[in-house]
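For reference, the structure discussed in these notes is given below.
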C-alpha cells in the first residue's frame, strides 16, 4: 500500500474540492452555469444534451480553472477547445476500439509505461527517452499511432488508474509522478522525434491539464541542464516547483518519493516484474 509523509487527516490543496475559497467557488459556479447555458452549441455531443456529465463534474472543471488561474472566461475557452478537439481527434472511438498490438516492439525502442505508485499514491509514469531508436521505432509504428496510444492511456488513467489510486490511499488522487530518463539520450534522435514530443506535450497541457504532481528528469546531460536554466525563468513558478532536474546521482531523491519496491531495479529500486516492469502495467488499477 502507498504511504504518505503527511501527518494527520488528508487536507486537499487550495483550489481542489473541499478547499475552495469564496472566489474559487464563485468561479466554479459561474463556469458550470455558462457551460450549461451553451449545451446546445458547438460542443453538443451527438446523442446527448451537450453537458458531458462524465467530464463535467466539479473536479474536472476545477482542473481547467486551476490551469487558467480561476479566470472563468479563459477556463471556458479552454474547455470548449478541448471538447472540439475530442470530437475531431476521435477520442471516444479511440477509447472504444484502439488496439496497441505493437506494444512489445515499441517497448524495445522507446519504453513509456505506468508502473505502481509513489508514496503519495500517485500513478508512476516512466519514459526512457535515452533508449529511443527512432528508425527502429518507426519501422513498427507511426507517430499518429503513438499519439493515439498516448490519448488512450490518458483516458484509461482518468477512468481506471486515478480512481484506483484514490481508493488505495483513501482520498482523491488526480496527478501523476513522472520520471523522464535521459540516460544516453541522442540529440540527433531527439531532434527527429521532436514533433511527436511537442504534440504529446501539447495534448497533456491542453486537454489533460493539472495532472502533473511530481516530475523528475534524471540522467540529464550537461547540455540539458544549461538549456533548463534558460527555460526555467519563463515557466510558471507552480510548474517549476514540481520539476526536478537530476544528473546520474538520482537514486536517493527518487527513493525519497517512491517506495523502493515500486521503483524498477533499472532506476535504483528493487522491482523486477516477471514480464518486465515496462510491460507489466502493475498497479492498484489491475484487478485479479
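Residue numbers (this note's numbering): 483 to 770.
All residues carry an ideal CB built from backbone N, CA and C; glycine is no exception.
Start and end residues, alpha helix (DSSP H) containing residue i
i           : result
residue 686 : 669 to 689
residue 560 : 554 to 571
residue 616 : 616 to 622
residue 761 : 759 to 762
residue 738 : 733 to 739
Beta-bridge pairing of residue i - partner residues as DSSP gives them
i           : result
residue 605 : 599
residue 640 : Residue 640 pairs with nothing; no bridge assigned.
residue 658 : 694
Segment limits, beta strand (DSSP E) that includes residue i
i           : result
residue 479 : Not covered by the structure: residue 479. The range shown for the chain is 483 to 770.
residue 580 : Taken as a continuous stretch (DSSP letters only), residue 580 belongs to no beta strand (DSSP E), as it is neither H nor E.
Residue from the options with nearest C-alpha to residue i
i           : options            : result
residue 539 : 560, 704, 499      : 499
residue 600 : 737, 542, 653      : 737
residue 623 : 590, 602, 652      : 590
residue 765 : 506, 639, 516, 586 : 639
residue 666 : 576, 610, 733      : 610
residue 570 : 708, 689, 641      : 689
residue 704 : 668, 687, 718, 683 : 668
residue 647 : 719, 723, 696, 767 : 767
residue 557 : 580, 514, 576, 568 : 514
residue 687 : 732, 544, 512, 560 : 560
Rounded C-alpha distance that separates residue i from residue j
i           : j           : result
residue 597 : residue 745 : 8 Å
residue 754 : residue 658 : 21 Å
residue 484 : residue 729 : Confidence is the limiting factor: at residue 484 the pLDDT is only 46, short of 50, which leaves the residue's position unreliable, though a coordinate-based value still follows. Roughly 27 Å separates the two Cα atoms.
residue 491 : residue 653 : 10 Å
residue 497 : residue 618 : 44 Å
residue 699 : residue 735 : 11 Å
residue 680 : residue 662 : 15 Å
residue 674 : residue 518 : 43 Å
Exposure label - residue i; buried when at least 16 CB within 10 Å
i           : result
residue 546 : buried
residue 715 : exposed
residue 583 : exposed
residue 502 : buried
residue 670 : exposed
residue 641 : exposed
beta-carbon residue i near the ligand SAH non-hydrogen atom, thresh 7 Å
i           : result
residue 742 : The ligand SAH is not part of this structure, which contains no ligands at all.
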